[in-house]
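Asks: Structure provided below as structure tokens; questions to follow.
In our numbering, the protein residues as written are 11 to 433.
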């Protein structure tokens, strides 16, 4: 980046060190350019410093920090914004920041644990309090666990389930492939983030997803049969959680992944980055849907950035349908506007073609001998969206286990809070 000739296109005085969107930038102007994109998404009055009667109504904002490059860049930008507010308003800040990390150290084989990184971050960012929430807290309340059985007619029944020590690893181990595992993890992450925002009285959640990540999610959600979630999950706006509305904002939605990488390099954020030690396969059949779409956008971003932008802008125009049924999926909590069971029954061929050879008959006999057909029996009917039907369809014969109600116990969070005293 230091081989750029000429001066910065913005200030005209400093030497340019990088080019972005065909424009030359020095370090200061590029940081201001990136910060400006973030502030454009957070212009609401509730993020500004308050005086008078409104002074006691300071908004609490939760920032979901994965210790990836993008979320670290967002944290750095937000902290700079708060520092500027404090400097200009005699120590006052426009909002109170709550930083949440969901510990993925074991699940994703990260190079380090968040608990090892936090002390390093507090050297640069003093007085920060991080909340580190264990992924296993999703199944902390074993009494809520139930077994969901999916049948050939795509109907689902909730049955009793009992286990002394059912872990999150047990849930994920029942997934038939990496894409199903990835799909369920995204559902779990979203639930834990919203649960924390609810318990911490945060009216806003900030995600570090940049434009490239959002485009990736648009395509991957569509491929996984979760296209109905695009409008709610990826566009900025309010989502319902229990008895409240929580605003979701992606402040880096106008910034490309390559620009985030440059910002992180300039601000030396790499020392705080957590990465997985599991190598990403280059063989397509061994990749998850998310990995395939991510590789695609990484390839086209440098020469065809408009493709990334077009995908995100198109998704921004999507709105949930106003007609149709409005049941709720028991697994991912998505609104079901159209019953997927009827459509799946119409397109599914249940009668096999005639067996004509001895080899076909032998294979069929082996299949029937090994096939485990579960009787429906009694149980509560469960509404599932199309995406969850696809995911559950490949679950092992041990069955799919999931908490059927949300646990509101604050003890789940208190066990995983890192304060200044715990360094």
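All residues carry an ideal CB built from backbone N, CA and C; glycine is no exception.
Report the CB separation of residue 256 from residue 247 in whole angstroms; it is logged as a contact under 8 Å.
Replies: The pair is not a contact, with the Cβ atoms about 10 Å apart (cut-off 8 Å).
Asks: According to the Cβ coordinates, are residue 411 and residue 171 closer than 8 Å?
Replies: yes
Asks: Using the Cβ count rule (16 or more neighbours within 10 Å means buried), how would you classify residue 74?
Replies: buried
Asks: Taking the alpha carbon of residue 79 as the point to measure from, which residue in 357, 262, 355, 327 has its own alpha carbon closest?
Replies: 262
Asks: I need the DSSP call for residue 69, collapsed to helix, strand or coil.
Replies: strand
Asks: Helix, strand or coil for residue 157 per DSSP?
Replies: strand
Asks: What are the boundary residues of the alpha helix (DSSP H) that residue 208 is part of?
Replies: 188-209
Asks: Would you report the Cα separation of residue 113 and residue 142, rounded to the nearest angstrom?
Replies: 6 Å
Asks: Figure out for me which residue from 39, 297, 331 has the closest Cα to the Cα of residue 240.
Replies: 331
Asks: Leaving aside the five residues before and after residue 28 along the sequence, list all residues of the same chain whose C-beta is less than 7 Å from its C-beta, in chain order.
Replies: Counting only Cβ-Cβ distances below 7 Å, and skipping sequence neighbours, we find 11, 14, 35, 40, 272.
Asks: Please name the residue in 154, 323, 314 whose C-alpha comes closest to that of residue 31.
Replies: 314
Asks: So, at 7 Å on beta carbons, what are the nonlocal neighbours of residue 371 in its own chain, with the 5 sequence-adjacent residues on each side left out?
Replies: So the list reads 365, once near-sequence residues are dropped.
Asks: Helix, strand or coil for residue 93, going by three-state DSSP, please let me know.
Replies: Correct three-state label for residue 93: helix.
Asks: Would you call residue 317 buried or exposed, if buried means 16 or more other Cβ atoms sit within 10 Å of its Cβ?
Replies: exposed
Asks: At 4 residues or longer, and completely inside the region 107-152: list those alpha helix (DSSP H) runs for me, N to C.
Replies: 124-134
Asks: Please name the residue in 18, 59, 48, 77 whose C-alpha comes closest to that of residue 286.
Replies: 77
Asks: Looking at the unbroken beta strand (DSSP E) that takes in residue 34, where does it start and where does it end?
Replies: From DSSP, the beta strand (DSSP E) with residue 34 extends over 33-35.
Asks: Using 8 Å as the Cβ pair cut-off and three pairs as the minimum, do the region 131-142 and the region 297-314 touch?
Replies: no
Asks: Residues in the same chain with beta-carbon distance under 8 Å from residue 163, minus the five sequence neighbours each way, listed in chain order, please.
Replies: 351, 355
Asks: Decide if the region 91-99 is in contact with the region 63-73; the criterion is three or more beta carbon pairs, one per stretch, under 8 Å apart.
Replies: no
Asks: Classify residue 224 as buried or exposed, calling it buried when 16 or more other Cβ atoms lie within 10 Å of its own Cβ.
Replies: buried
Asks: Could you pull the start and end residues of the beta strand (DSSP E) that residue 306 belongs to?
Replies: Element bounds for residue 306: not the beta strand (DSSP E) but the alpha helix (DSSP H), 299-311.
Asks: Would you grab the beta carbon distance between residue 279 and residue 83 for me? Rounded to a whole angstrom, and I think it's under 8 Å.
Replies: About 6 Å separates the beta carbon of residue 279 from that of residue 83, a gap short enough to meet the 8 Å contact definition.
Asks: Would you kindly check if the distance between the Cβ of residue 300 and the Cβ of residue 342 is under 8 Å?
Replies: no
Asks: For residue 432, name the three-state secondary structure that DSSP assigns.
Replies: Residue confidence is low: residue 432 scores 39 on pLDDT, short of 50, so the model does not pin down where it sits. No coordinate-derived value is stated.
Asks: Relative to the C-alpha of residue 108, which candidate in 283, 415, 204 has its C-alpha closest?
Replies: 204
Asks: By Cβ distance below 8 Å, which residues in the same chain neighbour residue 81 in space, the five residues on each side in sequence not counted?
Replies: 73, 74, 75, 217, 218
Asks: Under a Cβ-count criterion, where at least 16 other Cβ atoms within 10 Å of its own Cβ denotes burial, should residue 418 be classed as buried or exposed?
Replies: At residue 418, the pLDDT of 46 sits below 50, so the modelled position is not reliable; the number obtained from the coordinates is stated separately. Residue 418 should be labelled exposed.
Asks: Could you pull the start and end residues of the alpha helix (DSSP H) that residue 227 belongs to?
Replies: 221-233
Asks: Excluding the 5 residues flanking residue 24 on each side, which residues of the same chain have their C-beta closer than 6 Å to its C-beta?
Replies: 18, 36
Asks: Between which two residues does the beta strand (DSSP E) harbouring residue 251 extend?
Replies: 247-251
Asks: Report all residues from its chain with a CB closer than 7 Å to the CB of residue 190; omit the five preceding and five following residues, and keep chain order.
Replies: The residues are 401, 404.
Asks: Count the other C-beta atoms from every protein chain shown that fall within 10 angstroms of the C-beta of residue 128, then say buried if there are 16 or more, exposed otherwise.
Replies: buried
Asks: Going straight from the alpha carbon of residue 251 to that of residue 338, what length do you get?
Replies: Between residue 251 and residue 338, the C-alpha separation is close to 13 Å.
Asks: Based on Cα-Cα distance, which residue from 198, 193, 254 lies nearest to residue 214?
Replies: 254
Asks: Could you check the C-alpha separation between residue 294 and residue 196 for me, to the nearest Å?
Replies: 21 Å
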